[in-house]
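Comments concern the structure below.
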Amino acid sequence: MKSLIALVALYVVAICTPWGQRAENSLLVGYADPALIYRIVYSVGPPPLKLEELTIVAGLTLILVVALLRRQWILAVAGIGVPVATIACTELLHTVILPRPDIVNAPISEIEPSFPSGHVAIVAGLVLGAILVATPRARPYVAAVGTVWLALIGAAVVALLWHRPSDAIGATLIACFWYGIATRLLTKQQQPTATPRTLIVLGLAAIGAICGGARTDSYPRSFVFIATGLLCATIVWFTVARTSPAAAARSRLSSGTPEPHATADRVAPRRPPQ
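Going by my numbering, the letters in the sequence shown line up with residues 286 to 559, in that order.
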């Protein structure tokens, strides 16, 4: 629910206000060539900046195979459902439901609907789907690699001037919303345990954001693009790092720590004075 509220607030502030539109339109200056990732994008990738459909198919196939090998049929549905719902919802929102109103007399090229970003939705959805089906031991590493990938793509789509920062952040929030829905529908035993919060992962994500968001023509805009990618990665990381009540209980039981109320329950009642 928090992700949904943040998504609505982001749309209202960044797209439905004159100062929000002017702030983001001011970033759309120049061409894609000065982005450091430009030559890589138009040669080999990285996915899904190229080969979007293949990235989706390969990612969904990998999620399904892992879930089936673990014989986790419900997790297979959840792992496939999160990226599919994220991508479908993103396409529906930016093509039909959420227009970009022309309230600042912007050029035609700047009023085309682009919120949320389809490229970022692919990455965020696949990463969260993979985290759902990963084994407890592999989950922190899957989350770490996926976070860095998201930081790279989230920064790249704005540095290449394909999207505005709100587009990338909005797609990330949609993926987190569907991830939250999926985890609520799972049983206590199927809910993923929390991943450890560590500055190392966010440091690697910052490196990925720098590789994707740096430009040679404007250092201030590069900072904004890098911050966008890092923010997307941070949102996903802390979404999966948040411990659910069931996961917290399992962690305490596995470590031998009693429940908070268990000690009080075992204390013998005091006898009244004679």
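Don't be surprised by glycine CBs; every beta carbon is placed ideally from N, CA and C.
Return the chain-ordered list of same chain residues with a C-beta closer than 7 Å to the C-beta of residue i, the five sequence neighbours on each side being excluded.
| i | result |
| --- | --- |
| A440 | A494, G497, G498, F510, I511, T513, G514 |
| L313 | E395, L446 |
| E309 | A299, R449, P450, S451 |
| I365 | L345, I348, L349, G414 |
| P384 | P398 |
Could you tell me which residues DSSP puts in a beta bridge with residue i?
| i | result |
| --- | --- |
| R355 | Note: R355 sits in no beta bridge, so no partner. |
| R422 | Per DSSP, none; premise fails for R422. |
| R500 | A320 |
Using 9 Å as the threshold, is the C-beta distance between residue i and residue j below it?
| i | j | result |
| --- | --- | --- |
| V433 | V350 | no |
| P332 | L339 | yes |
| A460 | L413 | yes |
| V418 | I348 | yes |
| R500 | A436 | no |
| A363 | A467 | yes |
| L471 | I359 | yes |
| R355 | T420 | yes |
Under 8 Å Cβ to Cβ from residue i, same chain only, skipping five residues before and after it: list those, please.
| i | result |
| --- | --- |
| L295 | S451, I454, G455, L458 |
| V369 | L345, G410 |
| I341 | P333, P368, I372, I407, L411 |
| H448 | S399, S402, H404, V405, V442 |
| A518 | T432, V433, L435, A436, G439, L487, A490, G493, A494 |
| A361 | I348, L349, A352, L353, V418 |
Taking buried to mean at least 16 other C-beta atoms within 10 Å of its own C-beta, is residue i buried or exposed?
| i | result |
| --- | --- |
| S399 | buried |
| L353 | exposed |
| L377 | exposed |
| R506 | buried |
| V293 | exposed |
| L538 | Confidence is the limiting factor: at L538 the pLDDT is only 42, short of 50, which leaves the residue's position unreliable, though a coordinate-based value still follows. Exposed, since its Cβ has fewer than 16 Cβ neighbours within 10 Å. |
| R416 | According to the sequence provided, residue 416 is Ile. The question's Arg does not apply to it. Buried: at least 16 other Cβ atoms inside 10 Å. |
| T524 | buried |
| T380 | exposed |
| A533 | With a pLDDT of 42 at A533, under the threshold of 50, the modelled position of this residue cannot be trusted; read the value that follows with caution. A533 should be labelled exposed. |
| H315 | A small correction: the amino acid at residue 315 is Gly; His does not occupy that position in the sequence shown. Exposed, by the Cβ-count rule. |
| Y327 | exposed |
Between residue i and the rest of its own chain, which residues show a CB-CB distance below 6 Å, the 5 nearest in sequence each way excluded?
| i | result |
| --- | --- |
| F462 | S288, L289 |
| G305 | V298, A299 |
| I322 | A441, G497 |
| P319 | R500, T501, D502 |
Closer than 8 Å to a non-hydrogen atom of the ligand GDP - does that hold for the CB of residue i?
| i | result |
| --- | --- |
| N390 | No copy of the ligand GDP occurs in the structure displayed, which carries no ligand at all. |
If we cut at 9 Å on Cβ distances, does residue i have a partner in chain B?
| i | result |
| --- | --- |
| L471 | Annotation note: the requested chain B is absent from the structure, which comprises a single protein chain. |
Are the stretch 419-433 and the stretch 292-308 in contact at 8 Å, needing three or more beta carbon pairs? Of all C-beta pairs linking the stretch 419-433 to the stretch 292-308, fewer than three are shorter than 8 Å, placing the two stretches out of contact.
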